[in-house]
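Chemist:
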Amino acid sequence: MFRRILFATLAVAPVAVGLHYLADLPETLEFVISAAALIPLAWLIGEATEHAAVHTGPGIGGFLNATFGNAPELIIALIAVNQGLTEVVRGSLTGSVVSNLLLVLGLSLVAGGRGTLDRYSSFLAFGLLGFATLAFLIPAIPSWDGDPDRDSLAALSVPVSVVVLLVYVAVTWYSLRRHHSLHVASDDEIDAWSLRAALGALFLATVATAFVAEILVGSLEVFSEKAGLS
């Protein structure tokens with residue numbers, strides 16, 4: 005029942021895009037409609053990656069889930085950076101870090117129950133967490149002395165971002181090779197979509213997310229101003 009409702013609400017995305025280009029709606033209403041449209045699109049991206057994982061294997065499937073699971077957030081951040089809304093991106097990153105460390109991790113620990121953990125993977129995860137924390141702090145150091153232009157911050161952000169991206173690629177490649185034998189495919193995937201259908205849905209959902217996210221970011225400033233948000 006819930007899946008049928010989500011499938012039905014996918015129609016909100018083309019409605020949001022059509023109203024943006026064909027109708028002169030208030031930007032606050034555009035923001036609300038586009039935000040509502042992103043919810044089923046994000047679900048469809050996750051659903052498509054899970055069905056694709058049935059055909060690609062547990063290792064590649066986990067990589068697809070981890071990568072495309074953050075696609076809506078990444079698309080919104082890229083559009084916001086392109087439009088100069090750096091404060092929005094900072095707030096998004098902060099909220100993402102807090103929600104993943106507290107909400108997602110907490111729910112995983114509660115739902116997962118007691119079990120055996122891979123000690124090496126745990127140390128690797130905590131090491132990456134410490135590395136990410138340090139990487140976030142390095143570009144912020146020049147701003148501690150009150151530099152109004154923050155030129156040093158911009159100069160440090162790019163190389164730090166490149167290093168973090170390279171570390172992510174290296175750790176992902178290593179994890180896929182090391183943990184391939186630790187993942188066991190489940191036997192309840194009988195109704196999985198075909199690989200072509202899953203990839204097609206993933207592509208269409210990602211493209212639709214890009215259009216809707218552009219509308220969302222474009223109306224964000226007006227919405228926040230009228231709503232009294234800082």
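Read in the numbering used here, the sequence shown has 208 at position 204, and its numbers run on one by one without any break.
Backbone N, C-alpha and C define an ideal beta-carbon position, used for all residues, glycine too.
Tell me whether the beta-carbon of L48 lies closer than 8 Å to the beta-carbon of L23.
Modeler: In this structure, L23 does not lie closer than 8 Å to L48 by Cβ.
Chemist: Determine the burial state of I44: buried for a count of at least 16 other Cβ atoms within 10 Å of its Cβ, exposed for fewer.
Modeler: The sequence shown places Pro at residue 44, rather than the Ile named in the question. The residue is buried, with at least 16 neighbouring Cβ atoms inside 10 Å.
Chemist: Quick check for students: name the residue ranges of the alpha helix (DSSP H) that lie wholly in the segment 78-132, counting only runs of 4 or more.
Modeler: The qualifying runs are 90-102 and 109-116.
Chemist: Taking C-alpha atoms, which residue in L206, S228 and F227 lies nearest to N74?
Modeler: The candidate whose alpha carbon is nearest that of N74 is L206.
Chemist: For I9, count neighbouring Cβ atoms within 10 angstroms of its own Cβ and tell me buried if that reaches 16, exposed if not.
Modeler: So I9 ends up on the exposed side.
Chemist: With distances taken Cα to Cα, identify the nearest neighbour of A81 among G99, N69, G65 and W177.
Modeler: The residue with the shortest Cα to Cα distance from A81 is G99.
Chemist: When the Cα atoms are used, what is the spatial distance from P76 to G65?
Modeler: Straight-line Cα distance between these residues: approximately 18 Å.
Chemist: Measuring CA to CA, which of L105, E218, T176 and A136 is closest to L264?
Modeler: No answer is possible for residue 264: it lies beyond the span of the chain, which begins at 5 and ends at 234.
Chemist: Can you list, in chain order, the stretches of the alpha helix (DSSP H) that have 4 or more residues and sit fully within the segment 10-90?
Modeler: Runs found: 16-26, 31-60, 62-72 and 75-86.
Chemist: Nearest by alpha-carbon distance to A174: which of L128, I142 and A144 is it?
Modeler: That would be L128, whose Cα lies nearest to the Cα of A174.
Chemist: Determine the DSSP secondary structure at A2, reduced to helix, strand or coil.
Modeler: Here the chain comprises residues numbered 5 to 234, so residue 2 is not present and cannot be evaluated.
Chemist: Whole-angstrom Cβ separation of L78 and L224, contact assumed at under 8 Å?
Modeler: In fact, because the Cβ distance is near 16 Å, the residues do not count as touching under 8 Å.
Chemist: Check this for me: beta carbons of F140 and V171, under 8 Å apart or not?
Modeler: Result no, Cβ atoms of F140 and V171 do not sit closer than 8 Å.
Chemist: So, helix, strand or coil for G204, using DSSP?
Modeler: Reduced to three states, the DSSP call for G204 is helix.
Chemist: Would S38 be called buried (16 or more neighbouring beta carbons within 10 Å of its own) or exposed?
Modeler: The residue in question, S38, is buried, as its Cβ has 16 or more Cβ neighbours within 10 Å.
Chemist: Assuming F35 contacts L220 under a Cβ cut-off of 8 Å, what Cβ separation, rounded to an integer in Å, is found between them?
Modeler: Right, their Cβ atoms sit about 6 Å apart.
Chemist: Where does G232 sit, in a helix, a strand or coil, going by DSSP?
Modeler: Reduced to three states, the DSSP call for G232 is coil.
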